[in-house]
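Undergrad: In the numbering used here, the protein residues as written are 18 to 611. Yeah, the Cβ is synthetic: ideal placement off N, Cα and C, and Gly gets one too. The following block contains the structure, expressed as structure tokens.
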């Protein structure tokens, strides 16, 4: 039997009881060091000191906010008292924001510049606004033509001094919203007593808009009680509940088939009131399903107000909340299925995640934003059934919503393929034309399969029309971007955009004219213009300037309608006037060149 070395003492008895792996780099225990043993004891990790009570950083802000509320309740703040809507049994207490924060600062920056000064900044690549350059990130050839071609530059120069940058100060108009009207927009039936006759036919929000894939996480009974709660001075609703409430009101008014006075003013007012809560909401967010719903509402609200940066920021908040709630790994192979989670709940999470992914792709494609949901960060399948519940009903009121989901998700897959491919291309001017042509055919198959143009002619309410137009305009924009990507030749002096891009751009503008010409749809739709219509409008204007209307199949009345729509929108939507001024410049340059 061979002799073996005696076992080396590895630690003292105190360290052995800790059952912690040895730190073989430097013994920490004095007893082990004295005994010459290898210490297996690691010191307890120092924990950060927890602060109890209010955070010092926000103490003063919180105190001032509470003081302001106290003064409001005691009627000491005269300005706040004027902002309050009449507190009676027929009114709802909604406050007009005292500060428009980022939006007003953004607008004030434009007021100090003339149209000529703005154009000089835009022409120079060194001073060109970043968000404008980002908007051209997938239209580099068109960008080169727009900023460097002599005909385009001369056309804009000929009208730029005629463009006036309008006043962008936000009016303090507080429309009257009765409690009965507010409740009617949440739920309206023939038995509901309406003191305002125009609100009698408001559709019931929860019956006409709710869909299993995206439900408001607050009970209808609670939302019906909010008008009364807002009248109680010592009751303070959290920002999440108020944002959801205001958005339910907004969707209720948009679902109304009956026109009435101040509809546009009330819609804008609800938008601004919701956005004024965004800052406080971000500080209070608790990563709940209600917070995710509020974030999604704020994405649309900010975009409707023309605030692209704020909308993208809200998308980032929505992604953080969804990730915390497990939406990004619904079908992860590393996670065990939760037997207590119903299949319908998993389908709902899949539905909401894919809409977040599509929104992320739209921001990347339309505004050149970086990916908030990068490749490899998620494992989510499509819902097992587009109805979410698995119940097939061809007569369902949500049928168009289901079609919209299937069609737009196919568009999302095409966008993902294109964006991931362009991320790997070293030279954007040397793309694989066969690959891009294949993507164009995929988009064409979506349009042939789902026929959104035919669905649009058969819709009976605003929501279904909105979904149909969204599919159609998304296809048109993808056609233009993909066609631009595969065109190797740069635009020359007498060469405009390709025939496919020109045709799709005109069709896109015609679709918007048909959709927005209806008075019932005219109060909402700027987000459609920002997401889908910048590319077609720029394409049409550039093509007309380069070729003239005699060389392309084009209806001059179309641009005249777009110009009137822009002017009307600028009159009604103060915050959009700088954007509308830029669009009007392009249209007038186009008309001047004919």
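(1) Using the rule of at least 16 other Cβ atoms within 10 Å of the residue's Cβ for burial, across every protein chain shown, is residue 381 buried or exposed?
(2) Quick one: using the 10 Å Cβ neighbour count with 16 as the cut-off for buried, is residue 264 buried or exposed?
(3) Would you call residue 377 buried or exposed, if buried means 16 or more other Cβ atoms sit within 10 Å of its Cβ?
(4) In whole angstroms, what is the alpha-carbon distance linking residue 152 and residue 432?
(5) Is there contact between the segment 450-457 and the segment 388-401, where contact requires at least three CB pairs shorter than 8 Å?
(6) Using the C-alpha atoms, what's the distance from residue 181 back to residue 598?
(7) Please determine if the segment 296-304 and the segment 237-248 are in contact, where contact requires at least 3 C-beta pairs separated by less than 8 Å.
(8) Where residue 240 and residue 464 are concerned, what is the direct C-alpha to C-alpha distance, given to the nearest angstrom?
(9) Which residue marks the beginning of the alpha helix (DSSP H) containing residue 3, and which one marks its end?
(10) Do you know offhand how far residue 291's Cα is from residue 302's?
(11) Can you grab the Cα-Cα spacing for the pair residue 93 / residue 322, in whole Å?
(12) Using the Cβ count rule (16 or more neighbours within 10 Å means buried), how would you classify residue 242?
(13) Whole alpha helix (DSSP H) runs in the segment 289-361 with 4 or more residues, listed along the chain?
(14) Provide the residue span of the alpha helix (DSSP H) that contains residue 557, from first to last.
(15) Looking at C-alpha atoms only, which residue of 445, 169, 434 and 439 is the closest neighbour of residue 459?
(16) Three-state secondary structure (DSSP) at residue 399?
(17) Hey, residue 488 and residue 421 are a contact pair by Cβ (cut 8 Å); roughly how many whole angstroms apart?
(18) Assuming residue 467 and residue 424 make a contact with CB atoms under 8 Å, what is their CB distance in whole Å?
(19) For residue 341, collect the residues of the same chain with a Cβ closer than 6 Å to its Cβ; drop the 5 residues on either side in sequence, then sort them by chain order.
(20) Taking the straight line between their C-alpha atoms, what separation do you get for residue 333 and residue 317?
(21) Looking at C-alpha atoms only, which residue of 531, 138 and 287 is the closest neighbour of residue 483?
(22) Please report the residue range of the alpha helix (DSSP H) in which residue 497 lies.
(23) Quick check: the Cα distance between residue 331 and residue 429, rounded to an integer number of angstroms?
(24) Apart from the five residues just before and just after residue 558, which ones in its own chain have a Cβ nearer than 6 Å to its Cβ?
(25) Enumerate in chain order the residues of its own chain whose CB-to-CB distance from residue 306 is below 8 Å, with the five nearest sequence positions on each side excluded.
(26) Just the Cα atoms here: how many angstroms apart are residue 544 and residue 349?
(27) Got a sec? Which residues, its chain only, sit under 6 Å from residue 177 by beta carbon, not counting five neighbours each side?
(28) State buried or exposed for residue 560, treating a residue as buried only when at least 16 other CB atoms are found within 10 Å of its CB.
(29) Have a look at residue 364 and residue 327 and give me their C-alpha separation to the nearest angstrom.
(30) With DSSP run on the structure shown, which of helix, strand or coil describes residue 442?
(31) Within 10 Å of its beta-carbon, does residue 252 have 16 or more other beta-carbons around it, so buried, or fewer, so exposed?
(32) Mind reading off the beta-carbon distance from residue 370 to residue 347? Whole number of angstroms is fine, and I expect it under 8 Å.
(33) Taking the alpha-carbon positions, what's the residue 400 to residue 368 distance?
(34) In chain order, what residues of the same chain have a beta carbon less than 7 Å from the beta carbon of residue 485, not counting five sequence neighbours either side?
(35) Consult DSSP for residue 141 and reduce its assignment to one of helix, strand or coil.
TA: Result, derived from the coordinates:
(1) buried
(2) buried
(3) buried
(4) 16 Å
(5) no
(6) 7 Å
(7) no
(8) 39 Å
(9) Nothing about residue 3 can be reported from this structure: the residues present for the chain run from 18 to 611 only.
(10) 15 Å
(11) Because the pLDDT of residue 93 is 36, which lies under 50, any placement of that residue in the model is unreliable, and the question is left without a value.
(12) exposed
(13) 295-301, 306-321 and 325-341
(14) 551-564
(15) 434
(16) coil
(17) 6 Å
(18) 4 Å
(19) 304
(20) 13 Å
(21) 531
(22) 479-503
(23) 20 Å
(24) 603 and 607
(25) 234 and 342
(26) 34 Å
(27) 132, 133 and 136
(28) buried
(29) 29 Å
(30) coil
(31) exposed
(32) 7 Å
(33) 6 Å
(34) 417, 469, 472, 473 and 476
(35) coil
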